[in-house]
Amino acid sequence: MKAASLLLAGAALLLSACSSTPDNEPPQQATAAHVQPHVVMSAMAESSCSGAGGTLAFSRQLDGSRIGMCQLSNGRRCDEQALMGGTCAR
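Residue numbers for the sequence shown, in mature numbering (1 follows the signal peptide of the UniProt record, and there is no 0): -22 to -1, 1 to 68.
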């Protein structure tokens, strides 16, 4: 009986020593993939876009940069200058 108790206590000690705790892990860092970018356009362009029934969206350029565009319901995208100049047809 004493040997079984000693064996059980030894097994419990061995298993508890091998367990990991969340305190040993480093905290998670936020990455750029988790941050939602915000489209920046002038107030007049934003109101023109919403008045045309569009939503603000990004458009990726060939050099990898992104610029703010107005995504219309028909699929057409217009930049800020086209919205303000009236050359972006609905």
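C-beta atoms are modelled at their ideal positions from N, C-alpha and C, and glycine is treated no differently.
In the assembly as shown, residue 19 is a buried residue. Its beta-carbon has 16 or more other beta-carbons within 10 Å. In this structure, the beta-carbon distance from residue 47 to residue 37 falls below 8 angstroms. Under the DSSP assignment, residue 34 falls in the beta strand (DSSP E) whose first and last residues are 33 to 38.
The shortest C-alpha to C-alpha distance from residue 53 to any of 32, 60 and 44 is the one to 32.
Nearest Cα to residue 29 within the set 50, 65, 39 and 43: 50.
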